[in-house]
Amino acid sequence: MNKAYEKLHEINERINACKKEIKEVKQLPFYTIFHQEAQQQKDLATLHDLLNNLLQQKLETLEALKLYANNEQLSITAQLQHS
Numbered sequence: 005m006n007k008a009y010e011k012l013h014e015i016n017e018r019i020n021a022c023k024k025e026i027k028e029v030k031q032l033p034f035y036t037i038f039h040q041e042a043q044q045q046k047d048l049a050t051l052h053d054l055l056n057n058l059l060q061q062k063l064e065t066l067e068a069l070k071l072y073a074n075n076e077q078l079s080i081t082a083q084l085q086h087s
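Using our numbering, the letters of the sequence shown map in sequence onto residues 5 to 87.
Written out as structure tokens, the structure is:
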């Protein structure tokens with residue numbers, strides 16, 4: 005469970021960093037100054053793909069934690085019934 009929790013924490017950090025980078029790419033004057041708007045759109049698309057991938061990983065990790073918690077609950081309930 006600790007590994008899953010650590011993975012969730014790592015994914016959250018990466019999601020926050022990705023969101024920050026998306027915001028920065030949207031605000032950077034570089035693309036406009038050097039007429040690189042098409043590159044900006046490509047960069048944003050890549051970052052949004054990464055963000056979607058990270059969100060999917062987070063969802064899968066949360067599902068794994070949920071399954072672990074449900075199994076633990078069943079185990080504890082069974083132990084209590086046999087006591």
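Quick reminder that beta carbons are idealized off the backbone N, C-alpha and C, glycines included. These figures come from a predicted structure and were not determined experimentally.
| Item | Value |
| --- | --- |
| Buried or exposed: Leu58, going by 16 or more other Cβ atoms within 10 Å of its Cβ? | buried |
| Would you identify the three-state DSSP class for Leu32, choosing helix, strand or coil? | coil |
| What number of angstroms, rounded off, separates the C-alpha of Ala73 from the C-alpha of Arg18? | 25 Å |
| Thinking C-alpha only, which one of Thr81, Leu69 and Gln77 is nearest Glu10? | Leu69 |
| Ser79 lies in the alpha helix (DSSP H); which residues open and close that run? | Glu41 to Gln85 |
| Would you call Thr65 buried or exposed, if buried means 16 or more other Cβ atoms sit within 10 Å of its Cβ? | buried |
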